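**Q**
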Amino acid sequence: MSIEIKNVAKRFGGFVALDDVSVSIPSGQLTALLGPSGGGKSTLLRIIAGLERADSGRVEIEGLDATDLPPQKRNVGFVFQHYAAFKHLSVHRNVAFGLEIRKRPKAEIRSRVEELLALVHLEQFADRLPSQLSGGQRQRMALARALAVQPTVLLLDEPFGALDAKVRKELREWLRRLHDEVHVTTVFVTHDQEEALEVADEIVVINEGRVEQIGSPDDLYDQPANDFVMRFLGPVTQLGDRLVRPHDLQIHTGAPDPADVTGRITRITRIGFEIRAEITTSDQIVTVTLTRNEFLSLNVEAGSTVQVRVAPQIHAGSATGNRSEILRAT
Amino acid sequence: MAESTAPRVRTGRRPSTYLLRLIVTGYLVLLVAWPVFLVGRNAFADGTTDIQAILDDPDIVHALQLTVLVAIIAVVINTVFGVGISILLVRYTFPGRRLLNALLDVPLSVSPIVVGLALVLVYGGRTGWFGPTLQNAGIQIIFATPGIVLATVFVALPLVIREVVPVLEEVGDEQEQAARSLGANAIQTFRRITLPAIKWGVIYGVVLSLARSLGEFGAVKVVSGNVLGQTRTATLVVEEKYLNFDRGGAYATAFLLALVAVACIIVVSVIRPKDQR
Ligand SMILES: Nc1ncnc2c1ncn2[C@@H]1O[C@H](COP(=O)(O)OP(=O)(O)OP(=O)(O)O)[C@@H](O)[C@H]1O
Ligand SMILES: [Mg+2]
Chain A
79 MSIEIKNVAK
89 RFGGFVALDD
99 VSVSIPSGQL
109 TALLGPSGGG
119 KSTLLRIIAG
129 LERADSGRVE
139 IEGLDATDLP
149 PQKRNVGFVF
159 QHYAAFKHLS
169 VHRNVAFGLE
179 IRKRPKAEIR
189 SRVEELLALV
199 HLEQFADRLP
209 SQLSGGQRQR
219 MALARALAVQ
229 PTVLLLDEPF
239 GALDAKVRKE
249 LREWLRRLHD
259 EVHVTTVFVT
269 HDQEEALEVA
279 DEIVVINEGR
289 VEQIGSPDDL
299 YDQPANDFVM
309 RFLGPVTQLG
319 DRLVRPHDLQ
329 IHTGAPDPAD
339 VTGRITRITR
349 IGFEIRAEIT
359 TSDQIVTVTL
369 TRNEFLSLNV
379 EAGSTVQVRV
389 APQIHAGSAT
399 GNRSEILRAT
Chain B
894 MAESTAPRVR
904 TGRRPSTYLL
914 RLIVTGYLVL
924 LVAWPVFLVG
934 RNAFADGTTD
944 IQAILDDPDI
954 VHALQLTVLV
964 AIIAVVINTV
974 FGVGISILLV
984 RYTFPGRRLL
994 NALLDVPLSV
1004 SPIVVGLALV
1014 LVYGGRTGWF
1024 GPTLQNAGIQ
1034 IIFATPGIVL
1044 ATVFVALPLV
1054 IREVVPVLEE
1064 VGDEQEQAAR
1074 SLGANAIQTF
1084 RRITLPAIKW
1094 GVIYGVVLSL
1104 ARSLGEFGAV
1114 KVVSGNVLGQ
1124 TRTATLVVEE
1134 KYLNFDRGGA
1144 YATAFLLALV
1154 AVACIIVVSV
1164 IRPKDQR
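Chains A and B, in that order, are what the protein sequence lines are. In my numbering, each residue carries its 1-based index in the first sequence increased by 78. In my numbering, each residue carries its 1-based index in the second sequence increased by 893.
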């Protein structure tokens, strides 16, 4: 285990930001801290980096007790949501900063910085100031700067949070590929479940200062530990007293089975290739999503009476088992 | 650049803007520019004879030197402590922080003459609260250069702080945290990251303090003893000459004082990059 967090608690005044948190973060993996706003993700990350002190509990990094170490002695790379670029230094000097502090020979610094700028595709911007870069470029510079010191762990606090949706998506795919090349133990904070599911090897769900669940994207998606995790990781709907994913429901127009619930389609929304049908049963409104082709073959429209049931194979997990693998390959 | 100037040009055409400009300019001319200009004109009323006379008088040259020396010492002290206190105020929370913040405005709000009297009460050689102890140790504060420095430091105390605090608040502490996580210790972080970020705030604070220190009169008058050739500063020379009907000498000295202060401010405004403040 690369990062070991044991019984960490943190208060701000009377407010409990972290309440007895224990997490083990595996070496060489990409781990996401996922949770709603204000849940304590940044606080935990900053405690790992030493930018914040825990009130109690311990932090170990690669077997070394780091609890009482100041940030500069922990050898962690930290990437901030708003880049924290050194505004008065060129891109080259920004990336070189940690190496200059470590008093490495000039020639070594130069070659290492050039190598890193190539890695983040910023070779031609070496002499610019951060203010002359786009947000995405600044964030890549910040990443190169953090990687320059060959950190034991790389910590990223909502690294793509300030970027627009398209750049965000590009950068997270790029981060995944980068990690596959560099293999440094990486922890990144996000409140975007899609980002976590797509990029991470391991996800830690944090809510109200507590760890709700730790597991692989598949574990979390298919076997959520509780309703909170289930709701947070993806869309949910209620059928009878069961909480299910809308795409794990099936509808048919045949004769009702004892397990089926009868209802009437009250609304049909099309989102790209996906059809979302709202079905009003005797006592609730159920949302079902299906592909366009599935929907067309049903031959139903708003007002039709249909039978709803939970797809039988979902407990085996085969319906969604390869989901994140497929996403990751793209 | 182009986008930001375009709307300004448009509003510039409105008559109300012209009127407003006229009022502001007129106000500043009547209150500041014209009187200062007149000091200069009076200084040169007889050509350069008055200035020459001043520069030939060893006592006045001593006074000018003393003023510059005191101002430089005071500015150095105020800059070091000012930057330190600013960082303390902005980056740390501690009990009494707001009280400290309020206290820092005292030197600006209290009359300098009160400052002078207060210093005499504490450091006065014979009756002061602390003075006799120092006197016995061979250190004279009041009626000597240390007293003048002390008074000058006091009155110019908040100027660096009031310039640096908003800049520190604006740049935030993320860059400093990034530097720490990259291995820089506190001193390295300050020198490489914080100082360059607040550079212009510090420079502007230094210039204001310098101008203020050169021109301090009331507090210095009380604590200096005003001994010719020893503790008489340039501002005290101006008063002395003025009261003794040596108008030419008074204006010439005043002109030199104003010249240095105004020159500092102009130089800084010119070299300061446009996008800062
Ligand atoms: N310096 C601080 N002083 C007081 N309260 C703080 C401080 N830092 C964080 N908090 C509080 O602690 C809680 C957790 O904050 P944290 O920044 O860790 O949340 P987060 O999970 O990162 O949320 P977000 O996704 O919005 O960034 C919040 O309720 C926040 O208000
Ligand atoms: Mg956060």
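Cβ coordinates follow ideal geometry from the N, Cα and C atoms, glycine included. Computed from a predicted model, the values in this text were never measured in an experiment.
In this structure, does DSSP put A:His-325 in helix, strand or coil?
**A** Start at 1 with the first residue of the first sequence, and residue 325 of chain A comes out as number 247. In this structure, A:His-325 counts as helix in the three-state DSSP scheme.
**Q** Of all the CB atoms in chain A, is at least one closer than 7 Å to the CB of B:Glu-1062?
**A** Translated into the one-based positions of the second sequence, residue 1062 of chain B becomes position 169. It does not; no Cβ of chain A falls within 7 Å.
**Q** Could you name the residues, in chain order, whose CB is less than 5 Å away from a heavy atom belonging to ligand 1?
**A** This criterion selects A:Phe-90, A:Ala-95, A:Ser-115, A:Gly-116, A:Gly-117, A:Gly-118, A:Lys-119, A:Ser-120, A:Thr-121, A:His-269.
**Q** Short check: CB of B:Ser-1117 to CB of B:Ile-1164, under 7 Å?
**A** The residue labelled residue 1117 of chain B in the question sits at position 224 within the second sequence. The residue labelled residue 1164 of chain B in the question sits at position 271 within the second sequence. No, these two residues do not count as a Cβ contact at 7 Å.
**Q** For B:Thr-1087, is the beta carbon positioned less than 6 Å from some heavy atom of ligand 4?
**A** Only ligand 1 and ligand 2 can be found as ligands here, which leaves ligand 4 out of the picture.
**Q** Given that A:Arg-188 touches chain B, what residues does it touch there, using C-beta distances under 7 Å?
**A** Walking along the first sequence from the start, residue 188 of chain A turns up at place 110. Within chain B, no residue comes near A:Arg-188; the closest Cβ sits about 17 Å away, beyond 7 Å.
**Q** Given this structure, state the Cα-to-Cα distance separating B:Asn-994 from B:Phe-1083, to the nearest angstrom.
**A** If you number the second sequence from 1, residue 994 of chain B lands on position 101. If you number the second sequence from 1, residue 1083 of chain B lands on position 190. Rounded to the nearest angstrom, the two C-alpha atoms are 22 Å apart.
**Q** In this structure, does DSSP put A:Lys-165 in helix, strand or coil?
**A** The residue given as residue 165 of chain A occupies position 87 in the first sequence. Coil at A:Lys-165, not helix or strand.
**Q** So A:Phe-158 contacts chain B; which residues on that side make the cut at Cβ distance below 8 Å?
**A** Translated into the one-based positions of the first sequence, residue 158 of chain A becomes position 80. Result: Glu-1067, Gln-1070, Ala-1071.
**Q** Examine the Cβ distances between the segment 1077 to 1097 of chain B and the segment 1044 to 1059 of chain B and report whether three or more of them are shorter than 8 Å.
**A** Enough Cβ pairs lie closer than 8 Å, so yes.
**Q** Can you tell me which of the three DSSP states B:Gln-1028 falls into?
**A** Numbered from its first residue, the second sequence carries residue 1028 of chain B at position 135. Looking at B:Gln-1028 - three-state DSSP - the assignment turns out to be helix.
**Q** Who does A:Asn-285 pair with in a DSSP beta bridge?
**A** Residue 285 of chain A sits at position 207 when you count from the first residue of the first sequence. In DSSP, A:Asn-285 forms a bridge with A:Arg-288.
**Q** List the DSSP bridge partners of A:Gly-341.
**A** Here residue 341 of chain A refers to the residue found at position 263 of the first sequence. Beta-bridge pairing links A:Gly-341 to A:Thr-359, A:Val-384.
**Q** Quick one, which of A:Pro-229, A:Arg-320, A:Val-289 has its alpha-carbon nearest A:Val-157's?
**A** Against the first sequence, residue 157 of chain A aligns to sequence position 79. Nearest C-alpha to A:Val-157: A:Pro-229.
**Q** Taking 6 Å as the limit between beta carbons, can you name the residues of its chain near B:Thr-1045, skipping five residues before and five after?
**A** Taking the second sequence and counting its residues from 1, the one referred to as residue 1045 of chain B is at position 152. Closer than 6 Å at Cβ, skipping near neighbours: Val-963, Ala-967, Ser-1106, Glu-1109.
**Q** Going along the segment 1113 to 1146 of chain B in order, which residues come within less than 8 Å of chain A, judged by CB to CB distance?
**A** From the segment 1113 to 1146 of chain B, no residue has a Cβ closer than 8 Å to chain A.
**Q** So, does the CB of B:Gly-1076 fall closer than 7 Å to a CB anywhere in chain A?
**A** In the second sequence, residue 1076 of chain B corresponds to position 183, counting from 1. Closer than 7 Å to some Cβ of chain A, the Cβ of B:Gly-1076 qualifies, so yes.
**Q** Would you please verify whether the beta carbon of B:Pro-1166 is less than 7 Å from any beta carbon of chain A?
**A** Taking the second sequence and counting its residues from 1, one reaches residue 1166 of chain B at position 273. Output row for B:Pro-1166: interface = no.
**Q** Beta carbon of B:Ala-1147, beta carbon of B:Val-932: below 7 Å?
**A** Against the second sequence, residue 1147 of chain B aligns to sequence position 254. Against the second sequence, residue 932 of chain B aligns to sequence position 39. In contact: B:Ala-1147 and B:Val-932 (Cβ atoms closer than 7 Å).
**Q** Taking a contact to mean a Cβ-Cβ separation below 7 Å, would you say B:Val-953 touches B:Ile-947 in this structure?
**A** Counting from one through the second sequence, the residue named residue 953 of chain B turns up at place 60. Counting from one through the second sequence, the residue named residue 947 of chain B turns up at place 54. Note on residue identity: the sequence assigns Ile, not Val, to residue 953 of chain B. Yes.
**Q** Note down, in chain order, all residues in the segment 1085 to 1103 of chain B with a beta-carbon under 9 Å from any beta-carbon belonging to chain A.
**A** Here the close residues are Arg-1085, Ile-1086, Pro-1089, Ala-1090, Lys-1092.
**Q** May I ask you to list the residues that DSSP assigns as paired with A:Thr-367?
**A** As a first step, residue 367 of chain A must be located in the first sequence, where it is residue number 289. Answer is A:Arg-354, bridged to A:Thr-367.
**Q** Which residue comes first and which comes last in the alpha helix (DSSP H) that contains B:Val-1015?
**A** The sequence position of residue 1015 of chain B within the second sequence is 122, counting from 1. That run of the alpha helix (DSSP H) goes 1005 to 1016.
**Q** Using a Cβ cut-off of 7 Å (strictly closer), state whether A:Leu-123 contacts chain B.
**A** Your numbering for residue 123 of chain A matches position 45 in the first sequence. For A:Leu-123, the answer is no, since every Cβ of chain B falls outside 7 Å of its Cβ.
**Q** Output, in chain order, the set of chain A residues within a Cβ distance shorter than 7 Å of B:Gln-1081.
**A** Translated into the one-based positions of the second sequence, residue 1081 of chain B becomes position 188. Within chain A, the residues near B:Gln-1081 are Ile-179.
**Q** Identify whether A:Arg-320 lies in helix, strand or coil by the three-state DSSP scheme.
**A** Position 242 of the first sequence, counted from the start, is the residue given in the question as residue 320 of chain A. In the structure shown, A:Arg-320 sits in a strand (DSSP, three-state: E or B).
**Q** Once DSSP output is grouped into helix, strand and coil, what is the label at B:Ile-1035?
**A** By one-based count along the second sequence, residue 1035 of chain B stands at place 142. It is coil, neither helix nor strand.
**Q** Who are the Cβ neighbours of B:Ala-895 in its own chain at under 6 Å, not counting the five residues just before and after it?
**A** Reading the second sequence from its first residue, position 2 is the one you call residue 895 of chain B. Its pLDDT being 41, under 50, B:Ala-895 is placed unreliably in this model, and the value from its coordinates should be taken loosely. Closer than 6 Å at the Cβ level, and outside the excluded window around B:Ala-895, lies no residue.
**Q** Where B:Ala-1104 and B:Leu-1043 are concerned, what is the direct C-alpha to C-alpha distance, given to the nearest angstrom?
**A** Reading the second sequence from its first residue, position 211 is the one you call residue 1104 of chain B. Reading the second sequence from its first residue, position 150 is the one you call residue 1043 of chain B. C-alpha separation (whole angstroms): 16 Å.
**Q** Helix, strand or coil: which one does DSSP assign to A:Arg-136?
**A** Counted from its first residue, the first sequence places residue 136 of chain A at position 58. Three-state DSSP puts A:Arg-136 in a strand.
**Q** Within 7 Å (strictly less), CB to CB, does A:Val-157 reach chain C?
**A** Absent from the structure: chain C. Protein chains present are A and B.
**Q** For the pair the segment 264 to 273 of chain A and the segment 234 to 242 of chain A, tell me if three or more CB-CB distances fall below 8 Å.
**A** Short answer: they touch.
**Q** Relative to chain B, which residues along the segment 201 to 215 of chain A have a C-beta separation below 7 Å, given in chain order?
**A** Answer set for the segment 201 to 215 of chain A: empty.
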